[in-house]
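Contents: one structure, followed by commentary.
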């Protein structure tokens, strides 16, 4: 990618649910699947799809395990994800400042 | 032009400022805490090891150097604190980051309260034992802080550090009569469990803070345009998601309510007996000593069973409940420490220091709640607990001591517990 266009936003994050996931994880660092589902008011299927997109981009790491006998999916933000989120916010802020 | 997929709320300048600061606040706060821990652990760890060497007779220090050794580490450390405070003056974290930073800060506040109260009592009673208990309380508090951090950040190594501090708490309690070994153990703990983790935190955070590197390292598709209105709404959405203190809920209202009432009544009866207003007698003392704990343990058992599958709704709630969990854990260790020390030293005054530590611990817990929730009433409860700790130190070994403690348990534990129970019931309805 040559030249960085401040008006163009990272597609991997650009979407209400994916932005919500990234924002929440930027603060919490890690969250359970059900916790994300609750705070973002998302359905299970929808959240799974968007988490997979973020995982493919390398922005989150999904760890599946068990808590007792119940399956537990935990999502962690990666350093690359944190950087991408910071840059996304930078672009978004620049856009608001430049055009307002 | 981009789609508007956010709730139609127009962002204010505050949203913009928050979002800009928020994105890098987690690593920045971690780096700052790491810096403070590193220098505190290094300076005070080395100081303690020198004191251990002096106590063991390996080193002799002439009087002017003794003064420099005593105050030497504090001067540069105050410089570090001032630098971090200046650097963090505009930091705006989300609720979880705020709670974690507050947990670290609360350890500093507790240190101040315990240093003042135990220091004053040690000087006024000419007691080295009281002064030796001060680092033990701080070790338990460090255990509580790292325990909370491990639950908030969900990292195992933070839990290992916490366990290390609790082990140190017990080791120092056993070593109180062998001062050189006690100081050596404390010095090593400060280096291994404060300086080393602080260094690790500091080293790991910059790697997460350099957005410039990603642009060349990883090519990502940045294809979407958006309009300023959608961008404003996105910023407002982010702030609403991570900054709302009112979403943060503290559990355990029933425990606070029952604990405050039971132990408040227990202290009141003991206080009235000490002041001569009431005669409990031997059987009365026995019942008053055991029954509240028995009843409280039943309540704890019922609540733990009832909430065994309960999970916290958001990271902020998890954070402040983790902080109070740490307080509970530290309280358990304090109970053992002061009980053991009072029994082995045959000194009732030592047991009277336990409620002072408990009050300071409760103040630290409510400080985290106040910062995370951004509400006035937890801040007032926090101030109340810290003030009670100082008052108790002032009135120790007098009948007023137990009456003050009784009042604090009802006003600062049972009443907030009742408010939390009501708030919980209101949300369920």
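Chains as they are written, first to last, in this note's numbering: chain D, 1 to 100; chain Y, 1 to 429.
We put the CB at the ideal spot given by N, CA and C, even for glycine.
All of these numbers come straight from a predicted model, not from anything done at the bench.
Provide the residue span of the beta strand (DSSP E) that contains residue 191 (chain Y), from first to last.
DSSP places residue 191 (chain Y) outside any beta strand (DSSP E), giving it a letter other than H or E.
Short CB-CB distance (under 8 Å) between residue 66 (chain D) and chain Y
At a cut-off of 8 Å, the C-beta of residue 66 (chain D) has no neighbouring C-beta in chain Y.
So which of D:83, D:65 and D:74 has the shortest CA-CA distance to residue 59 (chain D)?
The shortest C-alpha to C-alpha distance from residue 59 (chain D) to any of D:83, D:65 and D:74 is the one to D:83.
Cutting at 7 Å between CB atoms, please list the residues of its own chain near residue 197 (chain Y), excluding the five before and the five after it.
37 and 161, listed in sequence order.
Using a Cβ-Cβ distance under 8 Å, would residue 304 (chain Y) count as near chain D?
Residue 304 (chain Y) does not count as touching chain D.
Using a Cβ-Cβ cutoff of less than 7 Å, which residues in the same chain neighbour residue 26 (chain D) once the five nearest sequence positions on both sides are dropped?
Result list for residue 26 (chain D): 77, 82 and 85, in chain order.
Taking only beta-carbon atoms, is residue 169 (chain Y) less than 8 Å away from chain B?
Chain labels in this structure do not include chain B; the protein chains are D and Y.
Taking the beta carbon of residue 45 (chain Y) as the centre, do at least 16 other beta carbons fall within 10 Å, making it buried, or is it exposed?
Buried is the label assigned to residue 45 (chain Y), since at least 16 other Cβ atoms lie within 10 Å of its Cβ.
What does a CB cutoff of less than 7 Å around residue 66 (chain D) pick up in its chain, not counting 5 residues either side in sequence?
Its chain contains 72 as the residues whose beta carbon lies nearer than 7 Å to that of residue 66 (chain D), once the 5 sequence neighbours on both sides are disregarded; these appear in chain order.
Under 8 Å: do the segment 178 to 190 of chain Y and the segment 23 to 32 of chain Y share three or more Cβ pairs, one atom per stretch?
As far as the Cβ criterion goes, the segment 178 to 190 of chain Y does not touch the segment 23 to 32 of chain Y, which means the pair count is below three.
How big is the Cα-Cα spacing for residue 307 (chain Y) and residue 423 (chain Y)?
Their backbone Cα atoms lie some 17 Å apart in a straight line.
Status (buried if at least 16 other CB within 10 Å, exposed otherwise) for residue 425 (chain Y):
Exposed.
When you compare only the Cα positions, how much space is there between residue 431 (chain Y) and residue 295 (chain Y)?
Chain Y is shown only over 1 to 429; residue 431 (chain Y) falls outside these bounds and no answer can be derived.
Restricting to runs no shorter than 4 residues, where is the alpha helix (DSSP H) found entirely within the segment 257 to 305 of chain Y?
Counting only runs of at least 4 residues, the segment 257 to 305 of chain Y fully encloses no alpha helix (DSSP H) element at all.
State buried or exposed for residue 46 (chain D), treating a residue as buried only when at least 16 other CB atoms are found within 10 Å of its CB.
So residue 46 (chain D) ends up on the exposed side.
Hey, out of Y:392, Y:267, Y:230 and Y:200, whose CA is closest to residue 113 (chain Y)'s CA?
Checked all of Y:392, Y:267, Y:230 and Y:200; the closest Cα to residue 113 (chain Y) is Y:392.
Nearest candidate by alpha-carbon position, reference residue 293 (chain Y), set Y:259, Y:109 and Y:401:
Ranking Y:259, Y:109 and Y:401 by CA distance to the CA of residue 293 (chain Y) puts Y:259 first.
Contact list for residue 314 (chain Y) against chain D, beta-carbon separation under 9 Å
What residue 314 (chain Y) touches in chain D: 24, 28, 31, 35, 38 and 39.
So residue 353 (chain Y) and residue 333 (chain Y) are supposed to be a Cβ contact under 8 Å. How far apart are they, rounded?
That belief does not hold up - the Cβ atoms of residue 353 (chain Y) and residue 333 (chain Y) are roughly 14 Å apart, past 8 Å.
According to DSSP, which residues form a beta bridge with residue 73 (chain D)?
According to DSSP, residue 73 (chain D) bridges with D:64.
CA-CA distance, residue 61 (chain D) and residue 343 (chain Y)?
Taking the straight line from one Cα to the other gives about 51 Å.
Answer with yes or no whether the minimum CB distance from residue 89 (chain D) to chain Y is below 8 Å.
Nearest CB-CB separation between residue 89 (chain D) and chain Y: below the 8 Å threshold.
In chain D, which residues lie less than 8 Å from residue 27 (chain Y) when you measure between Cβ atoms?
Neighbours of residue 27 (chain Y) on chain D, chain order: 82.
Does residue 31 (chain D) come out as helix, strand or coil in the three-state DSSP assignment?
The DSSP-derived three-state label of residue 31 (chain D) is strand.
With 8 Å set as the bound, which would you pick, yes or no: does the beta-carbon of residue 42 (chain D) sit closer than that to a beta-carbon of chain Y?
No, its Cβ sits nowhere closer than 8 Å to a Cβ of chain Y.
Thinking just about the alpha-carbon of each residue, which of Y:40, Y:156 and Y:66 is nearest to the one in residue 50 (chain Y)?
With distances taken between Cα atoms, residue 50 (chain Y) lies closest to Y:66.
Endpoints, the alpha helix (DSSP H) within which residue 353 (chain Y) is located:
Taken as a continuous stretch (DSSP letters only), the alpha helix (DSSP H) holding residue 353 (chain Y) covers 348 to 373.
Short check: CB of residue 195 (chain Y) to CB of residue 42 (chain Y), under 8 Å?
Against a cut-off of 8 Å, the Cβ pair of residue 42 (chain Y) and residue 195 (chain Y) comes out as a contact.
Is the segment 52 to 65 of chain Y in contact with the segment 114 to 129 of chain Y, if contact means three or more CB pairs nearer than 8 Å?
With a cut-off of 8 Å, the segment 114 to 129 of chain Y and the segment 52 to 65 of chain Y do not count as touching, because too few Cβ pairs lie within range.
With a CB to CB cut of under 8 Å and the five nearest residues on each side skipped, what residues in its chain are close to residue 55 (chain Y)?
Within the same chain, 179, 180 and 183 come within 8 Å of residue 55 (chain Y) by CB-CB distance, once the 5 residues on both sides are set aside.
Can you give me the Cβ contacts of residue 216 (chain Y) inside the same chain, cut-off strictly under 6 Å, excluding the 5 residues immediately before and after it?
Legend: pLDDT at residue 216 (chain Y) = 39, less than 50; position of this residue unreliable, value from coordinates given subsequently. Closer than 6 Å at Cβ, skipping near neighbours: no residue.
Look up residue 59 (chain D) in the DSSP assignment and say whether it is helix, strand or coil.
Correct three-state label for residue 59 (chain D): coil.
Rounded C-alpha distance that separates residue 176 (chain Y) from residue 128 (chain Y)
Going by the C-alpha atoms only, they are around 10 Å apart.
Report all residues from its chain with a CB closer than 6 Å to the CB of residue 412 (chain Y); omit the five preceding and five following residues, and keep chain order.
Non-local C-beta neighbours of residue 412 (chain Y) in its own chain, meaning closer than 6 Å and more than five positions away in sequence, comprise 381, 384 and 385, ordered along the chain.
Out of Y:243, Y:254 and Y:378, point me to the one whose CA is closest to residue 16 (chain Y)'s CA.
Per the Cα distances, Y:243.
Residues within the segment 78 to 98 of chain Y neighbouring chain D, beta-carbon criterion of under 9 Å
Residues of the segment 78 to 98 of chain Y that bring their beta carbon within less than 9 Å of a beta carbon in chain D comprise 93, 94, 95, 96, 97 and 98, in sequence order.
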